[in-house]
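Report on one structure; see the data block that follows.
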Amino acid sequence: MAFFHGVKTTESPTSIIPAAPCEAAMPVYFGTAPIHRTATRKNKINYPILCNAYDDAVAALGYSTDWKKWTLCENIYAEFALFSMKPCVFVNVFDPSVHKTSVASESLTLAKGEAKLAKTDALLSSIVVKDAQGQTTYVLGTDYTAAYDADYNVVIARKSTGSISSETAELKVSYDYADPAKVDKDDIIGGINASTGDEEGLEVIERVYPITRKVPGLIVATGWSDDVEVAAVMAAKAWNINTLFKALAIIDIPVTGTGAPGLYTDVPAYKTSKNLVDDLQHVLWPMLRLGETEYRYSSQFAALIQWTTHHKGKDIPYVSPSNQNIKCDSLIAGAEDDRKEVSMSLAKVNYLNENGVTTALNFSKGWTAWGNRNACYPGSTDTKDVFITNRLMFNWMQAEFILTFWQKVDAPITRRLIETIVDSFNDRLNGLTAQEAILGGRIEFRKEDNPVSSLIDGKIKFKVYLTPPPPAESIEADFELDPEYFSTLFSE
Numbered sequence: 106m107a108f109f110h111g112v113k114t115t116e117s118p119t120s121i122i123p124a125a126p127c128e129a130a131m132p133v134y135f136g137t138a139p140i141h142r143t144a145t146r147k148n149k150i151n152y153p154i155l156c157n158a159y160d161d162a163v164a165a166l167g168y169s170t171d172w173k174k175w176t177l178c179e180n181i182y183a184e185f186a187l188f189s190m191k192p193c194v195f196v197n198v199f200d201p202s203v204h205k206t207s208v209a210s211e212s213l214t215l216a217k218g219e220a221k222l223a224k225t226d227a228l229l230s231s232i233v234v235k236d237a238q239g240q241t242t243y244v245l246g247t248d249y250t251a252a253y254d255a256d257y258n259v260v261i262a263r264k265s266t267g268s269i270s271s272e273t274a275e276l277k278v279s280y281d282y283a284d285p286a287k288v289d290k291d292d293i294i295g296g297i298n299a300s301t302g303d304e305e306g307l308e309v310i311e312r313v314y315p316i317t318r319k320v321p322g323l324i325v326a327t328g329w330s331d332d333v334e335v336a337a338v339m340a341a342k343a344w345n346i347n348t349l350f351k352a353l354a355i356i357d358i359p360v361t362g363t364g365a366p367g368l369y370t371d372v373p374a375y376k377t378s379k380n381l382v383d384d385l386q387h388v389l390w391p392m393l394r395l396g397e398t399e400y401r402y403s404s405q406f407a408a409l410i411q412w413t414t415h416h417k418g419k420d421i422p423y424v425s426p427s428n429q430n431i432k433c434d435s436l437i438a439g440a441e442d443d444r445k446e447v448s449m450s451l452a453k454v455n456y457l458n459e460n461g462v463t464t465a466l467n468f469s470k471g472w473t474a475w476g477n478r479n480a481c482y483p484g485s486t487d488t489k490d491v492f493i494t495n496r497l498m499f500n501w502m503q504a505e506f507i508l509t510f511w512q513k514v515d516a517p518i519t520r521r522l523i524e525t526i527v528d529s530f531n532d533r534l535n536g537l538t539a540q541e542a543i544l545g546g547r548i549e550f551r552k553e554d555n556p557v558s559s560l561i562d563g564k565i566k567f568k569v570y571l572t573p574p575p576p577a578e579s580i581e582a583d584f585e586l587d588p589e590y591f592s593t594l595f596s597e
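Its first residue numbered 106, the sequence shown is counted upward by one per residue in the numbering used here.
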């Protein structure tokens, strides 16, 4: 050490590390959105888009009330309008350059210098306007303008200074229009693009944390998860996000189509026959209706989990969304043009619950979600996996542990390192216990888990005990008449 004459100071690392910020039960929504209606398409196809407000989402993704075509718009509405929640991430798989249909030639007759194209959502960049004989091609901005009206019909308007002869001219127009019907389950499932190496579809879950710094808590594909292949891939991705994190896949059981259960009694058999039994799947049936608007259940349930976590759990996912209010006035099933109202008594909803299916109930609190148990039940009875709150708590606490102590990776294995991790996480668990978010928890560094052969290879292992409170699914009281109270009829 160099000679020093005077006063100086040094610093030591803090012995207790605060928990790293980690969103609990944040949904990642996969589907289709009318991005061609927005100002730019950059980073809007197979890319995680973080949104914190309704206007964020509409500006980034566009919006339409046709939720059958544009499935992410239902999620936007449920997330921000119905439940007023944030944040969330959207992944749009609709690509206007691929999912489109061409109109080779459409005849238009201007009226007062304007005319609408027959198909909505025409792609502005694809429009070619010619004279009635198809001989002269007019120039956008010089001879005419093209813009969307309020209903996203493209209006062709003649410019008085241009070459279009009159306000009643006949034109020939060719164009492409957005066709989300060409998006299929393979686009949702996705994978790795062989030519670019980019993630597509559900594979984009791998990019959510690196890009947004938000850990996925829920995987939702409203309008698509009722396909068993999509549901299976959602579960597979839920187990292994960035090789570190876990999420819960929210799955809709179909209400229409070949093999879809028509009665509540058919739902359990459908669930098991389609292998909807994963620890990280939560299964829903049927659809919801509020007024004249229909909702796939997953769009509301994901937002309800987030609402419950924030408002009831103070951002800790230990409170169940079951018996919390949803936005509906009836349950429906059946073909789109022949919806039938589904009547669900307590006995019926409990039958679904005992088979690992969440539904809805209209009882003393009005319409509420009804069901705590994940899809693995009743095949699995491990309370860690069965209850939605326990599963969310384990997922969230593991993510928080990883993010908190990532800063200590590659630090020297010393007694100070061990004590810092143990003391810090025990302090966190004690705080959660004081909040009653868990019944108790502790972390230990045990000799039997850390043989010398592992230590000299740079590997250390901790044991964490964690007990979230299960939901009070059944509350029972035994009433008995006590004859002794008749003595109060007699004065002393």
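Glycine is no exception: its CB is placed at the ideal position from the N, C-alpha and C atoms.
Note down, in chain order, each residue of its chain lying with its Cβ closer than 6 Å to the Cβ of residue i, except the 5 sequence neighbours on either side.
{"i": "Val278", "result": "Glu211, Leu213, Val234"}
{"i": "Ile548", "result": "Val527, Phe530, Asn531, Phe567, Val569"}
{"i": "Asp226", "result": "Tyr257, Tyr282, Ala283"}
{"i": "Ile599", "result": "Residue coverage of the chain in this structure runs from 106 to 597, which leaves residue 599 outside it and unanswerable."}
At which residues does the beta strand (DSSP E) containing residue i begin and terminate?
{"i": "Glu219", "result": "219-225"}
{"i": "Pro153", "result": "153-156"}
{"i": "Gly546", "result": "545-549"}
{"i": "Arg394", "result": "392-395"}
{"i": "Tyr570", "result": "568-572"}
{"i": "Asp236", "result": "233-236"}
{"i": "Pro132", "result": "132-136"}
{"i": "Asn467", "result": "462-468"}
{"i": "Thr473", "result": "471-475"}
{"i": "Ala374", "result": "Counting along the chain, Ala374 falls outside any beta strand (DSSP E), though it belongs to the alpha helix (DSSP H) covering 372-378."}
{"i": "Val388", "result": "386-389"}
{"i": "Val447", "result": "445-447"}
{"i": "Ala125", "result": "No beta strand (DSSP E) contains Ala125, which DSSP labels as neither H nor E."}
At what residues does the alpha helix (DSSP H) containing residue i begin and finish?
{"i": "Phe195", "result": "Counting along the chain, Phe195 falls outside any alpha helix (DSSP H), though it belongs to the beta strand (DSSP E) covering 193-197."}
{"i": "Phe499", "result": "493-510"}
{"i": "Thr413", "result": "402-416"}
{"i": "Thr176", "result": "176-181"}
{"i": "Ala438", "result": "Run containing Ala438: none in the alpha helix (DSSP H); it sits in the beta strand (DSSP E), 435-438."}
{"i": "Leu166", "result": "159-166"}
{"i": "Glu341", "result": "The sequence as given places Ala at residue 341; Glu does not occur at that position. First-last of the alpha helix (DSSP H) with Ala341: 333-344."}
{"i": "Ala209", "result": "Not the alpha helix (DSSP H): Ala209 falls in the beta strand (DSSP E), residues 205-214."}
{"i": "Gly536", "result": "520-539"}
{"i": "Lys453", "result": "451-458"}
{"i": "Val557", "result": "557-560"}
With a Cβ-Cβ cutoff of 8 Å, do residue i and residue j count as a contact?
{"i": "Thr206", "j": "Asp289", "result": "no"}
{"i": "Ala504", "j": "Ser427", "result": "no"}
{"i": "Leu682", "j": "Ala130", "result": "What is shown of the chain runs 106 to 597, which leaves residue 682 out entirely."}
{"i": "Asn500", "j": "Lys351", "result": "yes"}
{"i": "Arg394", "j": "Glu179", "result": "no"}
{"i": "Leu229", "j": "Val203", "result": "no"}
{"i": "Val309", "j": "Val196", "result": "yes"}
{"i": "Glu459", "j": "Pro483", "result": "yes"}
{"i": "Gln386", "j": "Ala326", "result": "no"}
{"i": "Val462", "j": "Val372", "result": "yes"}
{"i": "Ile358", "j": "Ala542", "result": "no"}
{"i": "Pro201", "j": "His141", "result": "yes"}
{"i": "Ile356", "j": "Ser378", "result": "no"}
{"i": "Tyr456", "j": "Tyr375", "result": "no"}
{"i": "Ala127", "j": "Leu508", "result": "Per the sequence shown, residue 127 should be read as Cys rather than Ala. Yes. Within cutoff."}
{"i": "Ser425", "j": "Thr494", "result": "yes"}
{"i": "Ala365", "j": "Ala354", "result": "no"}
Our contact map puts residue i next to residue j with C-beta atoms below 8 Å; I'd like the distance itself, whole angstroms only.
{"i": "Thr67", "j": "Thr176", "result": "Outside the displayed span of the chain (106 to 597) sits residue 67, for which this structure offers no information."}
{"i": "Val194", "j": "Val133", "result": "5 Å"}
{"i": "Phe492", "j": "Pro576", "result": "6 Å"}
{"i": "Lys264", "j": "Asp248", "result": "6 Å"}
{"i": "Leu166", "j": "Ile150", "result": "About 11 Å separates the two Cβ atoms, so there is no contact after all."}
{"i": "Ile437", "j": "Pro391", "result": "6 Å"}
{"i": "Gly546", "j": "Leu534", "result": "4 Å"}
{"i": "Glu441", "j": "Thr348", "result": "Wrong, their Cβ atoms sit about 40 Å apart, outside the cutoff."}
{"i": "Gln429", "j": "Leu409", "result": "6 Å"}
{"i": "Arg312", "j": "Glu304", "result": "6 Å"}
Can you give me the Cβ contacts of residue i inside the same chain, cut-off strictly under 7 Å, excluding the 5 residues immediately before and after it?
{"i": "Ala220", "result": "Leu213, Thr214, Ile261"}
{"i": "Glu334", "result": "Lys290, Ile294"}
{"i": "Phe506", "result": "Phe530"}
{"i": "Gly218", "result": "Ala262, Arg263, Glu272"}
{"i": "Glu578", "result": "Asn477"}
Which same chain residues, not among the five before or five after residue i, have their C-beta less than 8 Å away from its C-beta?
{"i": "Glu524", "result": "Ser120"}
{"i": "Leu544", "result": "Thr538, Thr572, Pro573, Pro574"}
{"i": "Ala237", "result": "Ser212, Ala274, Glu275, Leu276, Lys277"}
{"i": "Ala252", "result": "Leu229, Val259, Val260, Ala262"}
Whole alpha helix (DSSP H) runs in the stretch 240-327 with 4 or more residues, listed along the chain?
If we require 4 residues or more, the alpha helix (DSSP H) runs fully inside the stretch 240-327 come out as 290-294, 310-317.
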